[in-house]
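Add 271 to the 1-based position in the sequence shown for the numbering used here, that's all there is to it.
Glycine residues also receive a C-beta, built at the ideal position from the N, C-alpha and C atoms.
Note that the structure is predicted; figures quoted are calculated from it, not measured.
Accompanying notes for the structure given below.
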Amino acid sequence: MEDVSLCEVWLQICHCPVSGNEMKFFHMWKKIHAEFCEKIPGTTRTEMALSSRWKVLNKELGKWRNALAKAMDNYRSGQNRTNEMIQAQMWFGATGGGKKNFTHHECWEVVKFANAS
């Protein structure tokens with residue numbers, strides 16, 4: 272739940288057409304923290320904790336994006352979406368750095384159309 276909320280807030284702040292690209296790192300995380308605290312009342316996560324968690328999530332999401340791309344590139348006639356996901360999990364496991372399966376599918380649904388950042 273917190274990871275999904277973090278992804279939603281990150282996307283909202285960083286892909287804002289008005290200020291997203293112009294914001295300095297410090298101000299960006301200050302704003303993300305404020306929005307996150309509104310979404311998750313009573314959270315004890317600090318700006319630094321959110322930033323650190325985002326680094327981990329972003330790395331995993333990037334590996335998943337690459338695994339999906341490889342699976343799509345490796346598409347064979349007769350395959351379906353399930354085969355593609357299985358293939359992507361295999362690619363992810365091969366490059367996951369000890370992590371065998373991608374487990375952040377809800378986060379992926381939030382950020383999959385955003386540019387990697």
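C-alpha distance - Ser388 paired with Asn329, whole-angstrom precision: Since pLDDT at Ser388 reaches only 48, below the 50 mark, its modelled position is unreliable, and the value read off the structure follows with that caveat. Those two C-alpha atoms are separated by around 8 Å.
Within 8 Å, strictly: CB atoms of Thr317 and Phe307: Cβ distance not < 8 Å, so Thr317 and Phe307 don't count as in contact.
Rounded C-alpha distance that separates Lys371 from Gly364: Roughly 4 Å between the two C-alpha positions.
Residue closest to His304, alpha-carbon to alpha-carbon, out of His286, Lys326, Trp335, Leu277: Taking the Cα of His304 as reference, the smallest distance to any Cα among His286, Lys326, Trp335, Leu277 is reached at Leu277.
Per-residue DSSP class, three states only, for Asn372: Coil at Asn372, not helix or strand.
Presumed contact (8 Å Cβ cut-off) between Leu332 and Trp379, rounded CB distance: So it is a contact: roughly 6 Å between Cβ atoms.
Residues near Val275 by beta carbon distance below 8 Å, same chain, minus five either side: Counting only Cβ-Cβ distances below 8 Å, and skipping sequence neighbours, we find Glu377, Cys378, Val381.
DSSP-derived helix/strand/coil call for Met343: Three-state result, Met343: helix.
Backbone secondary structure at Ser388 - three-state DSSP: Annotation note: pLDDT 48 at Ser388 (below 50); position unreliable, coordinate value reported separately. Coil, per DSSP.
Contact set for Leu282: own chain, Cβ-Cβ below 8 Å, skip 5 residues either direction: The beta carbon of Leu282 sits closer than 8 Å to the beta carbons of Val381, Val382, Ala385 from its chain, once the five residues preceding and following it are set aside; these are given in chain order.
Which of helix, strand or coil DSSP assigns to His304: In this structure, His304 counts as helix in the three-state DSSP scheme.
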